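One structure below.
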Amino acid sequence: MEMEGGSSLGSGGAVQPISFPSWRQRVFYKFTQQNLSACKPALSPTLVITLFLLMGIAFVPVGLICLRASENVEEFVVRYDIECIPENYRGNKVAYIKDETISKRCTLSIKMLNHMKAPIYVYYELDNYYQNHRRYVKSRSDKQLLHGLQLNDISSCLPVESHNGLPVVPCGLIAWSFFNDTFTFHRKALNLSVNRKNISWKSDRDHKFGKDVYPFNFQNDTLVGGGKLDPSIPLNEQEDLIVWMRVAALPKFRKLYGIIEEDLDADELLTVHLMNNYNTYSFGGKKNLVLTTSNWLGGKNSFLGISYIATGCCSILASILFALIHVKNPRPQREPSCSVWSRKSSSR
Amino acid sequence: MASERPLLDLSPRLPPPAADLPKPIPSSRSSTRFRGSLDRINFAPEVLGPGAGAALRYGSRAESSRSGASQKDIPDEDARIVFINDSARTNSRLEFAGNSIRTAKYSFLTFLPRNLYEQFHRVAYIYFLVIAILNQLPQLAVFGRGASILPLAFVLFVTAVKDAYEDWRRHRSDRIENNRTALVFSAGGYFCPKRWKQIRVGEIIKILSNETLPCDIVLLSTSDPTGVAYVQTINLDGESNLKTRYAKQETLLRAPEKQGIAGLIRCEQPNRNIYGFHAHMEIDGKRVSLGPSNIVLRGCELKNTSWVVGVAIYAGRETKVMLNSSGSPSKRSRLETHMNRETLLLSGLLLTLCTVVAVLAGIWLGIHKSELDLAQFFRKRDYSNNEDDNYNYYGIGMEVFFRFLMAVIVFQIMIPISLYISMELVRLGQAYFMIQDASLYDEGSHLRFQCRALNINEDLGQIKYVFSDKTGTLTENKMEFQCASISGIDFSSIKDLTAVDHSIHSVIVGDQYWRPNMTVKTDPDLFRLLRNKRDTEEGKHACDFFIALSACNTIVPLVIDTPDPAQRLIDYQGESPDEQALVYAAAAYGFVLVERTSGHIIIDVLGDRQRFDILGLHEFDSDRKRMSVIVGFPDKTVKLFVKGADSSMFGVVDETKNGSIIHETKSHLQAYSSLGLRTLVIGMRDLSREEFDEWHSSYEKASTALYGRGSLLKALATNIESNLEILGASGIEDKLQQGVPEAIQSLRQAGIKVWVLTGDKQETAISIGYSCKLLTAEMTQIVINIDSKESCRKRLEDAFVMTRNLPGMEAAKTQFALIIDGSSLVYILETELEEELFRVAASCHVVLCCRVAPLQKAGIVALIKKRTDDMTLAIGDGANDVSMIQMADVGIGISGQEGRQAVMASDFAMGQFRFLVPLLLVHGHWNYQRMAYMILYNFYKNSVFVFILFWYVLYTAFSLTTAITEWSSVLYSVIYTALPTIVVGILDKDLSRKTLLKYPQLYGSGQREERYNLRLFMLTMVDSVWQSLAIFFIPYLAYRHSTVDGSTIGDLWTLAVVMMVNVHLGMDVFRWNSITHATLWGCIAATFICVIIIDTIPVLPGYWAIFHIMETWAFWFCLVAILVAGMLPRFAAKAITEFFRPNDIQITRELEKFRNINDRSSSSEVAMSTFAIHQQQQQQNDSRDFVL
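Residue numbers (UniProt numbering), protein chains in the order written: chain A, 1 to 348; chain B, 1 to 1188.
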């Protein structure tokens, strides 16, 4: 039988005058004939077993390290939204929080359980607060935060967009609902300083919030949603606002309040004076104060460690299972006799 | 290169025919082409004619029947009236189309609306348009304006650019075409050049030799005194041989320059039937009827004729060629049909998700009703305008409704829009590789594989039935004269010509040798008989036999220059390959046909040039199944030569004379046809003076008759073709194409049933069946050739019982072959017996249908298509296969000897039958598995994404916030994940070409739909739910107690899902070549880059988030955990199935991988020749793998 037409490249030097096709032509020919050199991974039992085993061996120690890192983190959470309401107002928390004549001052005493190493991060934690609600997330104007009054199109800020014909700066629900509880810490009657600088992202301060945008008419409306801002300080220095404007991903979230740069000893008594201004009572939200140290992996969270260990264990288990099956009941590999057509014809 | 020269001008003019012989009569001839081949003859009644197959496509049956019955009147309201040489009057009543053509679809102004209108024929686009419009409503605005329209706009834009480019090219070619010039008779009384686009109906046009016709014209006169013109119709139907057209005698001598010409033509309205034409011409008060042989169509080229003059009747878009230039029929692939089923399931899922979200949102709003006024994150009340109004809140009912619509917008990519584009691109790529494939390249004709339909590539991998034509498909349709039986003597011991002296069959013209273009093997005995014993009775018979072969045909000799000035080649042009073979054979024996005009032929009889007058010619028709010619010999005798199929010839033979010769000839014919040869019988009768005169006068009368001329001529022919003396019979071999037996065997091993449908006789069909290994000696043949319905039923029932009731073991071992002929099928098809036939045929391994008409071929395909879900493929080369090709799921045209009708109707076209094996087994398999995987993967990748969005929605008070930025959502299916699936869909190969050809059984995976079915779809969806859970909840749980903001975790989810789906794809890739690596990793890198770019825009909320998160270890740990945990179940499942229940493909992959190590030297697939290797292995495998 005669050789096929165009495939004479490899063998048919005599047929074609080009006996030495260039590298480029050869590669192109291979390409058009779908013969590019390729690696063909195939799952042989040994490969599968080793892969599972290696994965397990790698994952379990990593998981242990993560778990250990998480355990080294000291975390202290205290809920204060109920405690900080006087007994007689417990029945009507909303009335209490809305009444501006009542002082919102409140004092918490915290007894440290373990030693905490500086830096200690102070967070406030809100729960059942849907900062990720679509109405809420959309109600902001990033352009206005950067450019201030130069920008007139603030339709995205509805329903808090203008006051007396002028755009509210900063506009939108997010800014309007600015969190305004404050915390001061005392240690044996001595003021414990909390560093409130650099709690926001530097990138936000430099490029996202304008340095000549002043909140001159902020929170002037009849309905006050949250904290007020000092009109004389430009937005890029209002770090609490900057933190608040980074809306949280989940309904329970923490936001950084400040950093205590001193170690706290175990059994030490800490007094927190706080202003319980912020209204979470109208929708049943919770407020916590969180003191925590940190490590290379973040805060206290054993999940990553556990998940690594679990995955690793599963892999090792799978590899053992496969190995057992392979030893007990090996399938003849590379035998065409196993194929369906052979089985069919042999069964005849 | 050799140039064609009109032979007529070169040859020395012979004196005019002797005065005592009547003038030859070039008459109007029937349009039916004489195929000579029995394949074409038997079942081509005139109504269907050669264009019969086309009848389905080229217009109504009424149209074609009208062309047959030439004497019916055309009612005025249906007629187009053309005043010759008076275009103003012609166009006064109704403006006929001008001659400018327009193949371009759009103009500058109409492009946008028309193109958009065409694109929106896709339902999916309308879905996305509706969603984009919904998104514009302020209450529903989920995405920004730009982001919501971008994907649709992108897709529309890409398609529009492609369409615009194609249209621009059409515009350009239109312009060139319209500005060509032709000679048009002007008012000044002479012919002057005019642009094609200005030619109008009714004008008189003069065409010179080798020019192309600008419009459809009725011939008025030609340079030939008898009014013959030769045209080449290669642009019209691809047939390269010359066809003859005739000018009417009435107009022949009227040159418009001298006498002027006036009259009117009443013709039918423009139609697509290129083989039919029906008109009358009224000239000088006489009414002349016109048929298809009197018109020349646009696109034809004038050959061998120095000029013709004709009147334009159809111009521009009304010409037959333009009416025929519609695209190939659109078919939809099986996989796509299934895909629509799954798309419906997905829309169900989408609606479920949306309902869940809407209902939960309603419940949430209901519970928190009282709190929403003041809750900072909701703030239902709007105090800003000092009105106590609700802000953007319309009550729970409306909120639920809006949430539902918003959910549809957010989850829209559950229905993958990109899949439609990806599929088209993948098919384009697959088509490119099929076209480029060297093993589908026909060296002989230099033809590449052609993909005419771009949307059924993957169907090639699921074929279960192949219906094949025989002539030209299994065989080469290059007829070769093999043997002759002359007056009862068999001459079949042929030797190669080279042994004999060349000069013998060369004609010496001046100082030149003219030789036939093709050499034929000759029988030395016969040769000697002709040379030395011409005076004996036998010698005379032999002489007459060969003169009959040279004369009784419609072949036109053409002389071609060769590089050697002393030598020229005679090329015989004709419409029937059988006739060509016979004329070449006659030439080889020394009877060289040198010249043919309508009045005479010149034959070089053994070196002695003689002129024979053609006094009359009865063309072939399918009722008589023979043709005849009345020849005036130089010695003034008149003889009638008849040539035809044996069945028709023995009826008109004078049995009283030479009974033994008839007997001998019959037995020889039997022997020839059992060898697979095509046979023709040649008869002769001496006509006496009286007989001829009688015939001549009735011929005159018949051909000028106004009504029933066709039947009069037929009766005349039947009358004179009687009492013949048998001269002999010829056997012509239609050689099997290279590699056909092997190809058929491979196809059958692949589980494909091969049915052969042929017009040949039963014996010929069976012998071809044996020679191409379709039939084997062990097979039990069930033959059905019966002429009544009742006995058909009986026979079918018997056959069915037979296939069922063979005792136990026997039944499995015995193979049945059903051989059925066309006359039986008449009683079976389209009656209740179809069901019976189907039952029998389904249990037979081989089905051979002989003597079937074109429409019966389609009927048989429909028989299978209607009753099973199996995919059918029809392959053929001739016009008679067109209906079958269009009926089958996949139609393949062989671009062979019989023109391009089949190719034009086909979905794929190629040069050789054997290419079917690499096409189906290799490309079909690849295409199917690639496309199947790609569809599943696209469903998977989009649903993973949607599920991630859905999980997040559950944590946002069901308010449909997305953590993933809207731009990432949009780019997800455009940039992040689109390219790798396309590249894998084009390039990935599960098995190498070599392996697939070695084990044809692997084709079964496509037939069993192993790669795409509901079960796989469900598994994929379950997998996608698991992976989305891993992607969503690992970061969720890891960042639960942190300060993480929406954009940051959104970036993590974006990157995780993109890496996940790409790694998933990577895990399923069979072959990693450089391109796969580049796109897969490139896409992940591109995603990182895109996310980074999005996060460096200060006015977006997510500014710089990606940099912050990438600094933390937790991010990277999360990514790794997601990928591993997400992939683990799939990987384990894959390993388990490969371990315990491997399918054929997996086993063969192991084989391929580990065996190749040993024979690396031969594994360079480049050097591989499909068949050479295939054959070697075939022999090894036969015994081992597929013993039946």
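Even glycine gets a Cβ: it sits at the ideal position worked out from N, Cα and C.
For clarity, every value in this text was computed on a predicted model and none was experimentally measured.
- When only Cα atoms are considered, H618 of chain B and S843 of chain B end up about 46 Å apart.
- With a threshold of 7 Å between beta carbons, K93 of chain A makes no contact with chain B.
- For A279 of chain B, the secondary structure class from DSSP, reduced to helix, strand or coil, is strand.
- Annotation: G172 of chain A has no Cβ neighbours in chain B at a cutoff of 9 Å; minimum Cβ distance is about 11 Å.
- Under the criterion of beta carbons closer than 8 Å, M910 of chain B and I894 of chain B qualify as touching, at roughly 7 Å.
- Closest in alpha carbon position to L253 of chain B, among B:S223, B:M887, B:K478, is B:S223.
- Within the stretch 128-142 of chain A, contact with chain B at the beta-carbon level (separation under 7 Å) is assigned to Y129, Y130, Q131, N132, H133, R134, R135, Y136, V137, D142.
- Under the Cβ criterion of 7 Å, G876 of chain B is not counted among the residues facing chain A.
- Here the C-alpha atom of W168 of chain B lies approximately 22 Å from the C-alpha atom of G98 of chain B.
- About 15 Å separates the CB atoms of P557 of chain B and I547 of chain B; that is not less than 8 Å, and the two are not in contact.
- Scanning its chain for C-beta atoms nearer than 6 Å, with the 5 sequence neighbours on each side dropped, one finds around Y89 of chain A the residues Y96, in chain order.
- Within the stretch 1015-1026 of chain B, no residue has its Cβ closer than 7 Å to any Cβ of chain A.
- Runs of the alpha helix (DSSP H) lying entirely within the stretch 218-262 of chain B, each at least 4 residues long, are 234-237, 249-252 in chain order.
- Selection B:L1100, B:V984, B:F1117 evaluated against L1080 of chain B yields B:V984 as nearest (Cα-Cα).
- For the pair F481 of chain B and Q34 of chain A, the CB atoms are not nearer than the 7 Å cut-off.
- When C-alpha distances from N276 of chain A are compared across A:I85, A:M55, A:L36, the shortest belongs to A:I85.
- Around the Cβ of C192 of chain B, a 10 Å sphere holds fewer than 16 other Cβ atoms; the residue is exposed.
- Closest in alpha carbon position to E95 of chain B, among B:K105, B:A104, B:I81, is B:I81.
- Distances from the CA of E399 of chain B to each of A:R135, A:I316, A:C314 were compared; the closest alpha carbon is that of A:R135.
- At least one C-beta of chain B is nearer than 7 Å to the C-beta of C39 of chain A.
- Counted as a single uninterrupted DSSP element, the beta strand (DSSP E) harbouring S628 of chain B occupies residues 626-632.
- DSSP places A858 of chain B inside the alpha helix (DSSP H), whose first and last residues are 854-867.
- Among the CB atoms of chain B, none fall inside 7 Å of the CB of H147 of chain A.
- A straight line joining the alpha-carbon of F218 of chain A with that of F377 of chain B spans about 18 Å.
- In the three-state reduction of the DSSP assignment, M518 of chain B falls in the coil class.
- Within its own chain, no residue has a Cβ closer than 6 Å to the Cβ of W201 of chain A once the five positions on either side in sequence are excluded.
- Judged by DSSP in its simplified three-state form, I601 of chain B adopts strand.
- For the pair V653 of chain B and F641 of chain B, the CB atoms are not nearer than the 7 Å cut-off.
- Within the stretch 826-845 of chain B, no residue places its CB atom closer than 7 Å to a CB of chain A.
- Bridge pairing for A1114 of chain B: absent [DSSP].
- Under the Cβ criterion of 7 Å, L54 of chain A is not counted among the residues facing chain B.
- Residue burial annotation: G1102 of chain B is buried, with at least 16 other C-beta atoms found within 10 angstroms of its C-beta.
- Among the residues of chain B, those whose CB is under 7 Å from the CB of Y308 of chain A are A1121, following chain order.
- Contact of S193 of chain A with chain B by beta-carbon distance below 7 Å is absent, the smallest such distance being about 21 Å.
- Here L190 of chain A is exposed, its C-beta having fewer than 16 other C-beta atoms within 10 Å.
- When CB distances to chain A are screened at a threshold of 8 Å, the residues of the stretch 1072-1097 of chain B falling below it are W1072, N1073, S1074, I1075, T1076, in chain order.
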